[in-house]
Every structure is written in C-alpha cells, then in structure tokens.
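Here the structure comes first, spelled out in structure tokens, and everything after it is commentary.
There are 2 protein chains.
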Amino acid sequence: MVNDPQGLVVTDALHSLGYPEVLGTRVGKYIRLELAADLESTAAKRVDEMCRRLLCNGVIEDYSFEIAAGMS
Amino acid sequence: MVNDPQGLVVTDALHSLGYPEVLGTRVGKYIRLELAADLESTAAKRVDEMCRRLLCNGVIEDYSFEIAAGMS
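Read top to bottom, the protein sequences are chains E and X.
Residue numbers for the first sequence follow numbering that gives the first Met the number 0, so the first one is 0 and each next one is one higher.
Residue numbers for the second sequence follow numbering that gives the first Met the number 0, so the first one is 0 and each next one is one higher.
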C-alpha cells in the first residue's frame with residue numbers, strides 16, 4: 000500500500016470537525032474516460048497501457064480500473 | 000456538469016500518445032473513508048455532511064458516494 004499523507008490530514012480534519020467514527024481515509028484520483036472501442040478486452044488492454052504510460056505515477060500511486068459498456 | 004480543464008489536458012495528452020479512441024476525460028478525486036457505524040443510514044447521513052463541510056468544494060466540484068458494508 001502506498002503512503003498517503005493527504006489521507007492522514009483529512010482524517011485529522013474530520014476528527015476535529017466532530018466525526019470520531021472516521022477510522023481512516025485514503026485520497027486518490029478518479030479518472031473517467033469515454034472510449035470508442037468495439038471489444039471490452041481491447042479497451043481494457045489499451046486503458047491499462049494508458050495508466051502505465053500517463054495516468055498513474057507508479058512511484059507513488061497504485062491503480063485499478065473497470066470497463067463499463069456504454070451506448071452506441 | 001462542472002468545468003474540467005485537467006480532463007481536457009489529459010484527453011489531448013492521450014491523443015498525442017496514440018490513443019485517438021479517447022473521446023473525453025473527467026478528472027476528479029477519489030476518497031475512501033473507513034467508518035465505525037451501526038446503521039448504513041446513519042453512515043450515509045454523516046458522510047453526506049462530511050462531503051458538504053470538508054471534502055467537496057461546492058464551487059468547483061460535484062460529489063457522490065456509496066456506502067459499502069465491511070467487517071466488524
């Protein structure tokens with residue numbers, strides 16, 4: 000698991016605001032891509048590549064993704 | 000829908016890297032809270048409050064959340 004100082008700060012802030020029930024916080028990025036693709040398997044392969052090449056900084060971040068079928 | 004300049008930049012960058020199938024990108028924050036709560040309804044009410052008071056900047060961000068039951 001990657002170190003998350005921002006998560007610790009948010010947990011402290013929530014405690015200060017009166018939310019002692021917060022046991023932990025993880026802060027990350029959420030990226031939603033709209034893709035033109037015929038096959039889910041192709042889309043998954045391409046998105047994994049995009050994550051490794053551009054979207055995710057592997058030194059300080061983990062990543063995961065889901066493919067959802069859309070219209071067309 | 001909130002304006003998302005960072006999403007436009009990521010779309011352009013992905014096109015430059017050879018991913019023309021990317022039609023659009025939205026970039027946001029993902030926050031995972033671990034909570035101690037007896038009732039899902041209570042947890043949802045409290046989390047909504049946390050979003051409005053601290054986690055979400057209503058001027059430039061929308062938010063949504065899901066409650067998932069965990070261990071205890």
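All C-beta atoms in this analysis are idealised placements derived from N, C-alpha and C, irrespective of residue type, glycine included.
Remember, predicted model here, so these are calculated numbers, not experimental data.
Just the C-alpha distance for residue i and residue j, rounded to the nearest angstrom, thanks.
{"i": "D61/E", "j": "L13/E", "result": "25 Å"}
{"i": "N56/X", "j": "G17/E", "result": "19 Å"}
{"i": "D11/E", "j": "P4/E", "result": "11 Å"}
{"i": "A36/E", "j": "L22/X", "result": "10 Å"}
{"i": "L53/X", "j": "N2/X", "result": "20 Å"}
{"i": "L38/E", "j": "S15/E", "result": "48 Å"}
{"i": "L7/E", "j": "E48/X", "result": "19 Å"}
{"i": "F64/E", "j": "S40/E", "result": "13 Å"}
{"i": "V58/E", "j": "K44/E", "result": "21 Å"}
{"i": "A42/E", "j": "A42/X", "result": "36 Å"}
Give a yes or no on whether the C-beta atoms belonging to residue i and residue j are separated by under 7 Å.
{"i": "R31/E", "j": "R25/X", "result": "yes"}
{"i": "G69/X", "j": "Y29/E", "result": "no"}
Just tell me which of the options has its CA closest to the CA of residue i.
{"i": "L34/X", "options": "S40/E, V46/E, E20/E, G69/E", "result": "E20/E"}
{"i": "I66/E", "options": "N2/E, G27/E, V46/E", "result": "V46/E"}
{"i": "V9/E", "options": "C50/X, S40/X, V9/X", "result": "C50/X"}
| said: For the region 48-69 of chain E, list every residue whose C-beta sits within 9 Å of some C-beta in chain X, in sequence order. | reply: E48, M49, R52, L53, L54
| message | Give me the subset of the region 10-37 of chain E whose CB atoms are less than 9 Å from a CB atom of chain X, sorted by chain position. | response | T10, A12, L13, L16, Y18, P19, E20, V21, L22, G23, T24, R25, V26, G27, K28, Y29, I30, R31, L32, E33, L34, A35, A36
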